[in-house]
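Novice:
Number of protein chains: 6
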Amino acid sequence: MKATVYRKEHFNAAHRLHNPNWTDEKNKQVFGKCNNPNYHGHNYDLIVKITGEIDEETGYVFDTKILSDLIKENIIEKFDHKNLNLDVEEFKTLNPTAENIARVIWTILKQKIENKYEIKVILYETERNYIEFPNA
Amino acid sequence: MKATVYRKEHFNAAHRLHNPNWTDEKNKQVFGKCNNPNYHGHNYDLIVKITGEIDEETGYVFDTKILSDLIKENIIEKFDHKNLNLDVEEFKTLNPTAENIARVIWTILKQKIENKYEIKVILYETERNYIEFPNA
Amino acid sequence: MKATVYRKEHFNAAHRLHNPNWTDEKNKQVFGKCNNPNYHGHNYDLIVKITGEIDEETGYVFDTKILSDLIKENIIEKFDHKNLNLDVEEFKTLNPTAENIARVIWTILKQKIENKYEIKVILYETERNYIEFPNA
Amino acid sequence: MKATVYRKEHFNAAHRLHNPNWTDEKNKQVFGKCNNPNYHGHNYDLIVKITGEIDEETGYVFDTKILSDLIKENIIEKFDHKNLNLDVEEFKTLNPTAENIARVIWTILKQKIENKYEIKVILYETERNYIEFPNA
Amino acid sequence: MKATVYRKEHFNAAHRLHNPNWTDEKNKQVFGKCNNPNYHGHNYDLIVKITGEIDEETGYVFDTKILSDLIKENIIEKFDHKNLNLDVEEFKTLNPTAENIARVIWTILKQKIENKYEIKVILYETERNYIEFPNA
Amino acid sequence: MKATVYRKEHFNAAHRLHNPNWTDEKNKQVFGKCNNPNYHGHNYDLIVKITGEIDEETGYVFDTKILSDLIKENIIEKFDHKNLNLDVEEFKTLNPTAENIARVIWTILKQKIENKYEIKVILYETERNYIEFPNA
Numbered sequence: 268m269k270a271t272v273y274r275k276e277h278f279n280a281a282h283r284l285h286n287p288n289w290t291d292e293k294n295k296q297v298f299g300k301c302n303n304p305n306y307h308g309h310n311y312d313l314i315v316k317i318t319g320e321i322d323e324e325t326g327y328v329f330d331t332k333i334l335s336d337l338i339k340e341n342i343i344e345k346f347d348h349k350n351l352n353l354d355v356e357e358f359k360t361l362n363p364t365a366e367n368i369a370r371v372i373w374t375i376l377k378q379k380i381e382n383k384y385e386i387k388v389i390l391y392e393t394e395r396n397y398i399e400f401p402n403a
Numbered sequence: 268m269k270a271t272v273y274r275k276e277h278f279n280a281a282h283r284l285h286n287p288n289w290t291d292e293k294n295k296q297v298f299g300k301c302n303n304p305n306y307h308g309h310n311y312d313l314i315v316k317i318t319g320e321i322d323e324e325t326g327y328v329f330d331t332k333i334l335s336d337l338i339k340e341n342i343i344e345k346f347d348h349k350n351l352n353l354d355v356e357e358f359k360t361l362n363p364t365a366e367n368i369a370r371v372i373w374t375i376l377k378q379k380i381e382n383k384y385e386i387k388v389i390l391y392e393t394e395r396n397y398i399e400f401p402n403a
Numbered sequence: 268m269k270a271t272v273y274r275k276e277h278f279n280a281a282h283r284l285h286n287p288n289w290t291d292e293k294n295k296q297v298f299g300k301c302n303n304p305n306y307h308g309h310n311y312d313l314i315v316k317i318t319g320e321i322d323e324e325t326g327y328v329f330d331t332k333i334l335s336d337l338i339k340e341n342i343i344e345k346f347d348h349k350n351l352n353l354d355v356e357e358f359k360t361l362n363p364t365a366e367n368i369a370r371v372i373w374t375i376l377k378q379k380i381e382n383k384y385e386i387k388v389i390l391y392e393t394e395r396n397y398i399e400f401p402n403a
Numbered sequence: 268m269k270a271t272v273y274r275k276e277h278f279n280a281a282h283r284l285h286n287p288n289w290t291d292e293k294n295k296q297v298f299g300k301c302n303n304p305n306y307h308g309h310n311y312d313l314i315v316k317i318t319g320e321i322d323e324e325t326g327y328v329f330d331t332k333i334l335s336d337l338i339k340e341n342i343i344e345k346f347d348h349k350n351l352n353l354d355v356e357e358f359k360t361l362n363p364t365a366e367n368i369a370r371v372i373w374t375i376l377k378q379k380i381e382n383k384y385e386i387k388v389i390l391y392e393t394e395r396n397y398i399e400f401p402n403a
Numbered sequence: 268m269k270a271t272v273y274r275k276e277h278f279n280a281a282h283r284l285h286n287p288n289w290t291d292e293k294n295k296q297v298f299g300k301c302n303n304p305n306y307h308g309h310n311y312d313l314i315v316k317i318t319g320e321i322d323e324e325t326g327y328v329f330d331t332k333i334l335s336d337l338i339k340e341n342i343i344e345k346f347d348h349k350n351l352n353l354d355v356e357e358f359k360t361l362n363p364t365a366e367n368i369a370r371v372i373w374t375i376l377k378q379k380i381e382n383k384y385e386i387k388v389i390l391y392e393t394e395r396n397y398i399e400f401p402n403a
Numbered sequence: 268m269k270a271t272v273y274r275k276e277h278f279n280a281a282h283r284l285h286n287p288n289w290t291d292e293k294n295k296q297v298f299g300k301c302n303n304p305n306y307h308g309h310n311y312d313l314i315v316k317i318t319g320e321i322d323e324e325t326g327y328v329f330d331t332k333i334l335s336d337l338i339k340e341n342i343i344e345k346f347d348h349k350n351l352n353l354d355v356e357e358f359k360t361l362n363p364t365a366e367n368i369a370r371v372i373w374t375i376l377k378q379k380i381e382n383k384y385e386i387k388v389i390l391y392e393t394e395r396n397y398i399e400f401p402n403a
């Protein structure tokens, strides 16, 4: 039987929801206040879930200290205290909705973690709006 | 790959657990303090989960503003600051346990949301007791 | 120098805000949804603060186990899973607003705790509305 | 004896810490990541405390529905989904630290609430950093 | 359709991560501060998930009062205010990582709960590190 | 007018409540489960409050990055993943109740922070038991 390890990290960022193929009017209609041209921001809570066997020698599925360092080096360093649209390569052509941010984080971490582990990403944009990728 | 969107809303209600086919004694034995004839109440936290594809144009699985309005119109309006047993049609003949409240909410929302989305309901009766319907 | 001990307890209750000296119309206007004749309810979080000297022998200002028992016997027993308006003597003639509930709790506890301690009561009606009595 | 009412509201905003009288180097040294030229952002939790007498007729110190509307109209409307530095008049010449944001909010609300009430503002920039103005 | 009931309980315990087959050096390297010979400790939050049919007579999947008592008698009684390594039989030869604690709790509860129910255990070691067993 | 800055940090530790001048019987009677000879433990949340003037140049009362480093160097380094009774000098002759831990933390920080600032310490032993020193 397998177990799932959850590790929670945090970053603060500015963003703006915008589709450059649409008129300003349509952007405002679809994205509302989130389309504000001067950006707004969030305290993002990020939870990474790793599923695997419990190692008999360590008693760990995955060392959370190593997982925390991995998330900090690959995600927090890149996203924290940044403007996602302007400062983060991936969102120069991708709308930084919570769904897309979660998918980008998952794609980055997937390459850093052995394939024998299943990984998922939960991203809180606010306490009331959050995303799981891939789906729960 | 799909993603899951979570949206949290809130309502405050009174209720009483009671099975009219049982004696008062059996009701008290099974439901304990929750059977108090004059009702008691809760701050219910409601989380609705919607699973689907991320739309390429919006970057959304489901717009949380629309989801929030949908929940408010169909659930909060009906349940908030109400006595579930006396004021809510569905519970006139159904015992308002957290399980049944979650199922009723799911049944209502299921009819309002396109079939291509999978939906689930998480209902917190207290911080320590909560329900997921359908099952996790 | 003194220290303050905080102990958090919990009760669930139904209530209704109503002033019997007013017309139904005025009650509805002032108390809105909280005036619902069939009651609604809350998960109340109760925090009791006790300020005093740190005892040299125990290292305690006030033993939180004793404080917890005191709150349970005098408050929780009386308020939990009850209808405040109908089941609790003090609210038969007093409107059970969070302010008045906090004051009633303070008055009860004041008589059970030695005068050398200063006590205050914080009462959360919801996560967003709460009261401190006497004032912060 | 008086009581204190607390009401919690929420806004999401982008900001940047910067002193225009300083060199870029000094700004970076003092404000670190918070000086990022493209801004970053936060989910701000705002708690407004009002201290006064409990009104005998209503059982309220201050109706939290009215307080909530007051905060929404005067603060949330102005700050939510905004860039504090660019979109909010008060911060065009004032560095939007949590301290200054709390002071600005207090100054605005002070003019909207009768003098017989004492008001304070608690502003959470993150779960780990927050401010009370005037001081606790 | 089935539903899942969640019940949250709590215990405080000391522990130390250590593999007796390793040198002190290797233990320190792998387990870091968690290998401190004099132990450290945690407030563990324990959530037990039970999945089953909603009973038509009670409206319950599983009575949370009974579930709470079951957890208290079989887990909390045994783990709370204990040193897991020294005071709890199961960890005399098993490293008390969060993964192993969750698995031990699941194994104990599995024998106490009818087979028709599926059970899972979520164990928070800290707010930032937690485990689900079996896997999510 | 002054403002108060709050900064929250965290440490995990084992401890045991015990008065060496008392018999084992009296220790068990007064401290109950907290007297367990093999220790138990907690996730301690520590909030440091600093009150002072808002500096006109920085907009800060006290830079929370500097405050965080100060707490980490002087408190967290010393207390985290430790056995308070055995590993921390101050508690070799002082009972590590939450009251005494808060007082020891305050005494250490008081010497590191300029006298023009007023400082207080809030220490959560559990979510339900916490201390403010000096008193609120």
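Respectively, the protein sequence lines represent chains A, B, C, D, E and F. According to our numbering, the first sequence is numbered sequentially starting from 268. According to our numbering, the second sequence is numbered sequentially starting from 268. According to our numbering, the third sequence is numbered sequentially starting from 268. According to our numbering, the fourth sequence is numbered sequentially starting from 268. According to our numbering, the fifth sequence is numbered sequentially starting from 268. According to our numbering, the sixth sequence is numbered sequentially starting from 268. We treat Cβ as the ideally placed atom computed from N, Cα and C, and that holds for glycine. Note that the coordinates shown come from a computational prediction; the quantities given were computed from them, not determined experimentally.
1. Output needed for I342/E: all residues of its chain with C-beta closer than 6 Å, excluding positions within five of it in sequence on either side, in chain order.
2. Skipping 5 residues on each side, what residues in its chain have a beta carbon closer than 7 Å to that of D330/C?
3. Helix, strand or coil for V315/D per DSSP?
4. So which residues of chain F does D354/E contact, with C-beta pairs closer than 8 Å?
5. Leaving out the 5 sequence neighbours to the left and right, which residues in its chain are closer than 7 Å to D312/B when beta-carbon positions are compared?
6. Between which two residues does the alpha helix (DSSP H) holding T331/B run?
7. Do I321/A and N367/E come within 8 Å of each other at the CB atom, strictly closer than that value?
8. Just how far apart, CA to CA, sit Y327/D and K269/A?
9. Please state whether DSSP places E394/B in a helix, a strand or coil.
10. State buried or exposed for I386/E, treating a residue as buried only when at least 16 other CB atoms are found within 10 Å of its CB.
11. Strictly under 8 Å for the Cβ-Cβ distance: is E381/B near chain A by that measure?
12. Report the CB separation of E324/E from N286/B in whole angstroms; it is logged as a contact under 8 Å.
13. A365/B by DSSP, collapsed to three states: which one?
14. Please list, in chain order, the chain F residues whose beta carbon lies closer than 9 Å to that of V272/C.
15. With burial defined as no fewer than 16 other Cβ atoms inside 10 Å of the residue's Cβ, what is the status of N302/A: buried or exposed?
16. Between K379/E and the rest of its own chain, which residues show a CB-CB distance below 8 Å, the 5 nearest in sequence each way excluded?
17. Provide the residue(s) that pair with G308/B in DSSP beta bridges, ordered along the chain.
18. For a contact defined as C-beta to C-beta under 8 Å, what are the partners of T360/D on chain A?
19. So, does the CB of K423/A fall closer than 8 Å to a CB anywhere in chain E?
20. Across which residues does DSSP place V272/B in a beta bridge pair?
21. Does the Cβ of D354/F have 16 or more other Cβ atoms within 10 Å, making it buried, or fewer, making it exposed?
22. So, does the CB of R370/E fall closer than 8 Å to a CB anywhere in chain A?
23. Using a Cβ-Cβ cut-off of 6 Å (strictly less than) and excluding sequence neighbours within five positions of T318/A, which residues of its own chain qualify?
24. Please report the distance separating the alpha-carbon of T290/B from that of F298/B.
25. Answer yes or no: do L376/C and P363/C have a C-beta to C-beta separation smaller than 8 Å?
26. Should N294/E go down as buried or exposed, given a rule of 16 or more other Cβ atoms within 10 Å for buried?
27. Given this structure, state the Cα-to-Cα distance separating A403/C from K332/F, to the nearest angstrom.
28. Does DSSP classify E356/E as helix, strand or coil?
29. Considering only residues of the same chain and omitting the five flanking positions on each side of E357/A, which have a CB-CB separation below 7 Å?
30. Compare the beta carbon distance of H309/F and K300/E with 8 Å and say whether it is the shorter of the two.
31. The alpha helix (DSSP H) with E292/F in it runs from where to where?
32. Considering only their Cβ atoms, is the gap separating I398/D from K316/D smaller than 8 Å?
33. Hey, A281/A and H307/D are a contact pair by Cβ (cut 8 Å); roughly how many whole angstroms apart?
34. At a CB-CB cut-off below 7 Å, which residues of chain A make contact with G308/B?
Specialist: By the coordinates alone:
1. Along the fifth sequence, one-based indexing puts residue 342/E at 75. Non-local C-beta neighbours of I342/E in its own chain, meaning closer than 6 Å and more than five positions away in sequence, comprise I372, ordered along the chain.
2. The count along the third sequence starts at 1 and reaches residue 330/C at position 63. For D330/C, where only same-chain residues beyond five positions count, there are no Cβ hits under 7 Å.
3. On the fourth sequence, residue 315/D is found 48 positions in, with the first residue counted as 1. In the three-state scheme derived from DSSP, where H, G and I count as helix and E and B as strand, V315/D is classed as strand.
4. Here residue 354/E corresponds to residue number 87 of the fifth sequence, with the count starting at 1. Within chain F, the C-beta atoms nearer than 8 Å to that of D354/E come from N303 and N305, in chain order.
5. Translated into positions along the second sequence, residue 312/B becomes position 45. A distance below 7 Å between beta-carbons, with the five flanking residues on each side excluded, links D312/B to the following residues of its chain, in chain order: K275, H277 and Y391.
6. On the second sequence, residue 331/B is found 64 positions in, with the first residue counted as 1. Element bounds for T331/B: T331 to I338.
7. The residue labelled residue 367/E in the question sits at position 100 within the fifth sequence. The residue labelled residue 321/A in the question sits at position 54 within the first sequence. Against a cut-off of 8 Å, the Cβ pair of I321/A and N367/E comes out as a contact.
8. For this step, residue 327/D is matched to residue 60 along the fourth sequence. For this step, residue 269/A is matched to residue 2 along the first sequence. C-alpha of Y327/D to C-alpha of K269/A: approximately 54 Å in a straight line.
9. Taking the second sequence and counting its residues from 1, the one referred to as residue 394/B is at position 127. E394/B: coil per DSSP, three-state reduction.
10. For the purposes of this step, residue 386/E is taken as residue 119 along the fifth sequence, with counting starting at 1. Buried: at least 16 other Cβ atoms inside 10 Å.
11. Your numbering for residue 381/B matches position 114 in the second sequence. It does not: the Cβ of E381/B has no partner Cβ on chain A nearer than 8 Å.
12. Translated into positions along the fifth sequence, residue 324/E becomes position 57. Translated into positions along the second sequence, residue 286/B becomes position 19. Going by Cβ atoms, the distance from E324/E to N286/B rounds to 6 Å, so yes, they are a contact pair.
13. The sequence position of residue 365/B within the second sequence is 98, counting from 1. In this structure, DSSP gives A365/B a helical state, which the three-state scheme calls helix.
14. In the third sequence, residue 272/C corresponds to position 5, counting from 1. One finds A365, E366, N396, Y397, I398 and E399 in chain F with Cβ atoms closer than 9 Å to the Cβ of V272/C, taken in chain order.
15. Along the first sequence, one-based indexing puts residue 302/A at 35. Burial of N302/A is indicated by the presence of at least 16 other C-beta atoms within 10 angstroms of its C-beta.
16. As a first step, residue 379/E is located in the fifth sequence; it is residue number 112 there, counting from the start. The residues are L337 and N341.
17. Within the second sequence, the letter at position 41 stands for residue 308/B. Looking at the DSSP output, G308/B sits in a beta bridge with A281/B.
18. Reading the fourth sequence from its first residue, position 93 is the one you call residue 360/D. Within chain A, no residue comes near T360/D; the closest Cβ sits about 17 Å away, beyond 8 Å.
19. The displayed coordinates of chain A run from 268 to 403. Any statement about residue 423/A would go beyond what the structure contains.
20. Position 5 of the second sequence, counting from 1, holds the residue named residue 272/B. V272/B pairs with I398/A and I317/B.
21. Here residue 354/F corresponds to residue number 87 of the sixth sequence, with the count starting at 1. Buried, since its Cβ has 16 or more Cβ neighbours within 10 Å.
22. Stepping through the fifth sequence from its first residue, residue 370/E is reached at position 103. Residue contact check for R370/E against chain A: a CB pair falls below 8 Å.
23. For the purposes of this step, residue 318/A is taken as the residue at position 51 of the first sequence. Excluding residues within five positions, the ones whose Cβ falls inside 6 Å are K269, T271 and E385.
24. By one-based count along the second sequence, residue 290/B stands at place 23. By one-based count along the second sequence, residue 298/B stands at place 31. Rounded to the nearest angstrom, the two C-alpha atoms are 12 Å apart.
25. Mapped onto the third sequence, residue 376/C falls at position 109. Mapped onto the third sequence, residue 363/C falls at position 96. Against a cut-off of 8 Å, the Cβ pair of P363/C and L376/C comes out as no contact.
26. Here residue 294/E is taken as the residue at index 27 of the fifth sequence, counted from 1. Per the 10 Å Cβ criterion, buried.
27. For the purposes of this step, residue 403/C is taken as residue 136 along the third sequence, with counting starting at 1. For the purposes of this step, residue 332/F is taken as residue 65 along the sixth sequence, with counting starting at 1. Taking the straight line joining both Cα atoms gives about 28 Å.
28. Along the fifth sequence, read from residue 1 onward, the residue named residue 356/E stands at position 89. Here E356/E sits in helix by DSSP.
29. Within the first sequence, residue 357/A is the residue found at index 90, counting from 1. Contacts found: V371.
30. Counting from 1 along the sixth sequence, the entry for residue 309/F is found at position 42. Counting from 1 along the fifth sequence, the entry for residue 300/E is found at position 33. When the beta-carbon positions are compared, H309/F and K300/E stay at least 8 Å from each other.
31. Along the sixth sequence, read from residue 1 onward, the residue named residue 292/F stands at position 25. First-last of the alpha helix (DSSP H) with E292/F: D291 to F298.
32. Within the fourth sequence, the letter at position 49 stands for residue 316/D. Within the fourth sequence, the letter at position 131 stands for residue 398/D. For K316/D and I398/D, no; Cβs fall outside 8 Å.
33. Within the first sequence, the letter at position 14 stands for residue 281/A. Within the fourth sequence, the letter at position 40 stands for residue 307/D. Confirmed, about 5 Å.
34. The sequence position of residue 308/B within the second sequence is 41, counting from 1. Chain-ordered listing is empty here: chain A has no CB closer than 7 Å to the CB of G308/B, the nearest sitting near 22 Å.
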